[in-house]
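Visitor: Here you go, one structure.
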Amino acid sequence: MTAYGHIPGEPVECLSIAVELRKEEVTDSAGNLAWRVGFRIGGGIDQDPTRAPYKYPDSGIYITHIDLDSPAERTGLRKHDKILQVNGNDFTMLTHDKAVKYIKQYPVLQMLIARASIPPISLH
1 MTAYGHIPGE PVECLSIAVE LRKEEVTDSA GNLAWRVGFR IGGGIDQDPT
51 RAPYKYPDSG IYITHIDLDS PAERTGLRKH DKILQVNGND FTMLTHDKAV
101 KYIKQYPVLQ MLIARASIPP ISLH
């Protein structure tokens with residue numbers, strides 16, 4: 001089985017990558033303390049995947065950009081990785097805004113990622 005083309009709310013069995021991402025503390029342009037994660041996301045159950053700039057096969061949360069020399073790059077995240085879980089919370093049934101808010105909420109993200117280059121599980 002694969003995580004790509006997954007129907008929200010349905011169980012999914014797939015190989016995944018566990019990633020611990022520790023955000024960097026930075027000062028923004030206004031002088032405020034902020035946490036840098038180093039990636040952007042797209043998708044969500046409230047989004048139409050056929051209208052997205054990248055043609056993903058479902059309404060999951062996908063990494064659409066990785067900043068150079070960022071916590072995301074150093075932990076091995078890649079553009080087009082699908083986020084399955086963050087800190088134990090299911091990311092396969094979230095709206096885009098809820099996913100963004102959740103990612104911003106914590107300084108450390110324990111993530112499960114699906115990657116298209118990992119072959120699907122054979123259940124034979």
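Start counting the sequence shown at 1; every next residue gets the next number (UniProt numbering). A virtual CB, placed ideally from N, CA and C, is assigned to each residue, including glycine.
(1) Do E24 and G9 count as a contact pair if the criterion is CB distance below 9 angstroms?
(2) With a threshold of 9 angstroms between beta carbons, is T27 in contact with chain D?
(3) So, using beta-carbon positions, are K79 and I113 closer together than 9 angstroms?
(4) Going by the beta-carbon positions, is the gap between G60 and G88 smaller than 9 angstroms?
(5) For D90, which beta-bridge partners are listed by DSSP?
(6) Let me make sure I understand the geometry here. Which of A99, H96, P71, L77 has the alpha-carbon closest to that of R22?
Guide: With the structure as the only source:
(1) The count along the sequence shown starts at 1 and reaches residue 9 at position 9. The count along the sequence shown starts at 1 and reaches residue 24 at position 24. Taking 9 angstroms as the Cβ cut-off, G9 and E24 do not qualify as a contacting pair.
(2) This model lacks chain D altogether, as it is built from one protein chain only.
(3) Locating residue 79 in the sequence shown gives position 79, counting from the first residue. Locating residue 113 in the sequence shown gives position 113, counting from the first residue. No, the pair does not count as a contact, with Cβ atoms beyond the cut-off.
(4) Within the sequence shown, residue 60 is the residue found at index 60, counting from 1. Within the sequence shown, residue 88 is the residue found at index 88, counting from 1. No, the Cβ-Cβ distance between G60 and G88 is not below 9 angstroms.
(5) The residue labelled residue 90 in the question sits at position 90 within the sequence shown. D90 pairs with Q85.
(6) To locate residue 22, count along the sequence shown from 1; it is residue 22. For R22, the nearest C-alpha among the options comes from P71.
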